[in-house]
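J.:
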Amino acid sequence: MSIKVILTDIEGTTSAVSFVFDVLFPYAAKHLPDFVRQNASRADVAEQLDAVRRDSSEPAADVERVVEILLSWIAEDRKATPLKALQGMVWAQGYQAGQLKGHVYPDAVEALRRWHAAGYQLFVYSSGSIQAQKLIFGCSEAGDLTPLFSGYFDTTSGPKREAQSYRNIQQAVAVEPEEILFLSDIVEELDAAQSAGLQTCGLAREGGELAGHVTVDSFTGIEPEAF
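Take 1202 as the starting number for the sequence shown in my numbering and just add one per residue.
#1: Quick one: Cα of LYS1361 to Cα of GLU1265, how far?
#2: Under 7 Å between the Cβ atoms of VAL1374 and VAL1206?
#3: Who are the Cβ neighbours of VAL1246 in its own chain at under 6 Å, not counting the five residues just before and after it?
#4: Is the separation between the beta-carbon of HIS1304 and that of SER1385 shorter than 7 Å?
#5: Give the single residue among ALA1364, ASP1278, LYS1231 and ALA1397 whose Cα lies nearest to the Cα of PRO1378.
#6: Which residues in the same chain have their Cβ closer than 6 Å to the Cβ of LEU1208, if we skip the five residues on either side of it in sequence?
#7: Excluding the five sequence neighbours on either side, which residues of its own chain have a C-beta within less than 7 Å of the C-beta of VAL1253, listed in chain order?
#8: Could you tell me which of TYR1353, ILE1387 and GLY1213 sits nearest to GLU1363, measuring between CA atoms?
#9: Identify whether THR1416 lies in helix, strand or coil by the three-state DSSP scheme.
#10: Compute the beta-carbon to beta-carbon distance between SER1366 and ALA1333, rounded to the nearest angstrom, for a pair I have assumed lies under 8 Å.
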């Protein structure tokens, strides 16, 4: 079978890890407390604050305590779904104000455009929320790239290092597992995807090999028809 779907990670794959850690996370840490305080009664925000209380087993936590929990989760880079959702809301304001521009490697931009034109369906799977994913690509330095993508997946599909998550995505995109090529810079994610029957390609932008997987140093080296 030939590849029909290309599923890509963001951080370290299409985009620099430094953009997330040096730009997005500090921006969220700085602006999230006031955002939560000012919008705590807004339905979509309140829903996420309740999820923080539930996930932290502190059902009676007031807004200030929830802010403390969120900041501690940011500091430890916890992949918590309510944190990701709230970060996405904060980032949305930053992108809309022009204070943030999504980083996407030029080689990734070129390849994604080429693959889309060639008829491949493109999807994103990242630990960041779907909203945050759309913002990175929708407000990127290369312009609005969202028309290239057919859909987005985040941790609501499951953890990125578990094979079942990739089975869930495979069922959602409705093609055979071996017709999906997954791109990532993390060997444990590639292993999980491979265990679910997907084809894999590792990105090692600084060089080196991701054991057990075809490895390239940029999107320029990826040829979907070769898988």
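Ideal Cβ positions, reconstructed from N, Cα and C, are used throughout, including at glycine.
In this text the structure is predicted, and so the values were computed from the model without any measurement.
T.: For this structure:
#1: Position 160 of the sequence shown, counted from the first residue, corresponds to residue 1361. Position 64 of the sequence shown, counted from the first residue, corresponds to residue 1265. Rounded to the nearest whole angstrom, the C-alpha separation of LYS1361 and GLU1265 is 31 Å.
#2: Position 173 of the sequence shown, counted from the start, is the residue given in the question as residue 1374. Position 5 of the sequence shown, counted from the start, is the residue given in the question as residue 1206. Yes, Cβ-Cβ distance for VAL1374 and VAL1206 is below 7 Å.
#3: Within the sequence shown, numbered from 1, the residue matching residue 1246 stands at position 45. Cβ-Cβ distances below 6 Å link VAL1246 to ASN1240 in the same chain, with the five nearest sequence neighbours on each side left out; the list follows chain order.
#4: Here the question's residue 1304 lines up with position 103 in the sequence shown. Here the question's residue 1385 lines up with position 184 in the sequence shown. Contact check for HIS1304 against SER1385 fails: the beta carbons are separated by 7 Å or more.
#5: If you number the sequence shown from 1, residue 1378 lands on position 177. The option with the nearest alpha carbon to PRO1378 is ALA1397.
#6: On the sequence shown, position 7 is the one that residue 1208 refers to. If we look at LEU1208 and ignore the five residues flanking it on each side, its Cβ neighbours are PHE1324, TYR1326, ILE1381 and PHE1383.
#7: For this step, residue 1253 is matched to residue 52 along the sequence shown. Within the same chain, VAL1253 has close Cβ partners VAL1267, ILE1270, LEU1271 and PRO1283.
#8: Residue mapping note: residue 1363 aligns to position 162 of the sequence shown, counting from 1. The candidate whose alpha carbon is nearest that of GLU1363 is ILE1387.
#9: Walking along the sequence shown from the start, residue 1416 turns up at place 215. Look at THR1416 here: in three-state DSSP terms it is strand.
#10: As a working note, residue 1366 is residue 165 in the sequence shown. As a working note, residue 1333 is residue 132 in the sequence shown. Rounded to the nearest angstrom, the Cβ distance from SER1366 to ALA1333 is 18 Å, too far for a contact under 8 Å.
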